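Here the protein sequences come in this chain order: A and B. Residue numbering for the first sequence follows the working numbering, starting at 554 and increasing by one per position. Residue numbering for the second sequence follows the working numbering, starting at 298 and increasing by one per position. Beneath this line is the structure, given in C-alpha cells, with notes to follow.
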Amino acid sequence: AQKITQTQPGMFVQEKEAVTLDCTYDTSDPSYGLFWYKQPSSGEMIFLIYQGSYDQQNATEGRYSLNFQKARKSANLVISASQLGDSAMYFCAMREGQSGGYQKVTFGTGTKLQVIP
Amino acid sequence: GAVVSQHPSRVICKSGTSVKIECRSLDFQATTMFWYRQFPKKSLMLMATSNEGSKATYEQGVEKDKFLINHASLTLSTLTVTSAHPEDSSFYICSAKRLGYEQYFGPGTRLTVT
Numbered sequence: 554a555q556k557i558t559q560t561q562p563g564m565f566v567q568e569k570e571a572v573t574l575d576c577t578y579d580t581s582d583p584s585y586g587l588f589w590y591k592q593p594s595s596g597e598m599i600f601l602i603y604q605g606s607y608d609q610q611n612a613t614e615g616r617y618s619l620n621f622q623k624a625r626k627s628a629n630l631v632i633s634a635s636q637l638g639d640s641a642m643y644f645c646a647m648r649e650g651q652s653g654g655y656q657k658v659t660f661g662t663g664t665k666l667q668v669i670p
Numbered sequence: 298g299a300v301v302s303q304h305p306s307r308v309i310c311k312s313g314t315s316v317k318i319e320c321r322s323l324d325f326q327a328t329t330m331f332w333y334r335q336f337p338k339k340s341l342m343l344m345a346t347s348n349e350g351s352k353a354t355y356e357q358g359v360e361k362d363k364f365l366i367n368h369a370s371l372t373l374s375t376l377t378v379t380s381a382h383p384e385d386s387s388f389y390i391c392s393a394k395r396l397g398y399e400q401y402f403g404p405g406t407r408l409t410v411t
C-alpha cells in the first residue's frame, strides 16, 4: 500500500484564489510527521509546512495552512491568495517515528500546481 | 532555517567514469544525512541513510558498490556514482538532520551521463 497518496497530478488555480492540494497517508506508527515541500522548475526542495501527529492545532505558515484530519489520515495543503510564483510541484511527505531518532521520509508522487493570471 | 549545500549543481560525465557529489551542512552538525534520487516528473526515492563515522544503510534495490556514500565528518557526506551509465542520469538530492530536528534539503545535483 502507498504510504503517501496525492491523487491530483495537476491543478490549476486563478491568481488570488485559494487552492487545496490533497494528501492522504497510511501508517501504524503513533508518532509521525507530515510535511509539504515545494519544488520549482529549478529543482530545489523548499520546505513549506510541518504537522506533528500529536499537534492539536493545524499548522499554519503565512499563506500556507495544513488541514490535518487525523482520523481520516489526511493532510491537505491550503494555499490562500495564490500568486504566480506558487506555480510548482508540491510534494506531501511523511516521517515515521520520533523526530529525535531514526527517521525515514516517504514522499508522495506530487501535484503540479499552475497559477493562472 | 538551516542551510544545506550541494556541489556541483550540475554535472555531465561520460559513460564509464565516476562522479562525486558533495553534500554539506553549512551551519549545523548533521548527525545523519540522506541521499535521494528523483527521476523526471517523479517523486523522491530514498537511496541511503548515512550516519557520521559509520557505514551507510542502503534502501532495497540500491547497489552499494555503484553508489558509494561516505560521511566522513559531521558536515560533509559524499555520494560517488561509480562507472556511471546513461540510466544513472537523474536528479540527486541530499538532506541533513541533527538530533531532535527535522531534515533540511540541499538544492540538488543534476547528473547527466552521456
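The C-beta atom is built at its ideal place from N, Cα and C for all residues, glycine as well. Because the structure is a prediction, the values reported are computed rather than measured.
Can a CB atom of chain B be found closer than 8 Å to the CB of residue i?
| i | result |
| --- | --- |
| G650(A) | no |
| Y643(A) | no |
| T662(A) | yes |
| G586(A) | yes |
| K591(A) | no |
| V631(A) | no |
Give me the chain B residues within the contact set of residue i, using Cβ-Cβ distance strictly less than 7 Å, ordered along the chain.
| i | result |
| --- | --- |
| F494(A) | What the structure shows of chain A is the stretch from 554 to 670, and residue 494(A) is not part of that stretch, so it cannot be assessed. |
| K626(A) | None at all; the shortest Cβ gap to chain B is about 19 Å. |
Applying a beta-carbon distance threshold of less than 8 Å, which residues of chain A neighbour residue i?
| i | result |
| --- | --- |
| G358(B) | Residues of chain A passing the Cβ test: none, with the nearest at roughly 15 Å. |
| G405(B) | G596, E597, M598 |
At a CB-CB cut-off below 9 Å, which residues of chain B make contact with residue i?
| i | result |
| --- | --- |
| K556(A) | Here the premise fails: no neighbours, minimum Cβ distance about 11 Å. |
Could one say the Cβ of residue i lies closer than 8 Å to chain A's Cβ atoms, at least one of them?
| i | result |
| --- | --- |
| I390(B) | yes |
| F364(B) | no |
| P305(B) | no |
| G350(B) | no |
Residue i versus chain A: which residues are under 7 Å apart at the beta carbon?
| i | result |
| --- | --- |
| E384(B) | Result: empty, since nearest Cβ-Cβ is about 19 Å, beyond 7 Å. |
| E319(B) | What E319(B) touches in chain A: nothing, since even the nearest Cβ is about 16 Å away. |
Answer with buried or exposed for residue i, where buried requires no fewer than 16 other C-beta atoms within 10 angstroms of its C-beta.
| i | result |
| --- | --- |
| A641(A) | buried |
> Is the segment 318-325 of chain B touching the segment 368-381 of chain B in the sense that three or more CB pairs, one from each, lie closer than 8 Å?
Replying inline: Flag = yes, the segment 368-381 of chain B and the segment 318-325 of chain B touch.
> Can at least three beta-carbon pairs, one atom from the segment 572-587 of chain A and one from the segment 301-317 of chain B, be found at a separation below 8 Å?
Replying inline: No, the segment 572-587 of chain A is not in contact with the segment 301-317 of chain B.
> Between the segment 595-623 of chain A and chain B, which residues of the former have a C-beta closer than 9 Å to a C-beta of the latter?
Replying inline: Flagged, chain order: S595, G596, E597, M598, I599, F600, Y603.
>> Any C-beta of chain A within less than 9 Å: which residues of the segment 321-344 of chain B qualify?
In response: Listed by position along the chain: T329, F331, Y333, Q335, K338, K339, S340, L341, M342, L343.
> Just by C-beta distance, which residues in the segment 567-586 of chain A are closer than 9 Å to chain B?
Replying inline: Flagged, chain order: G586.
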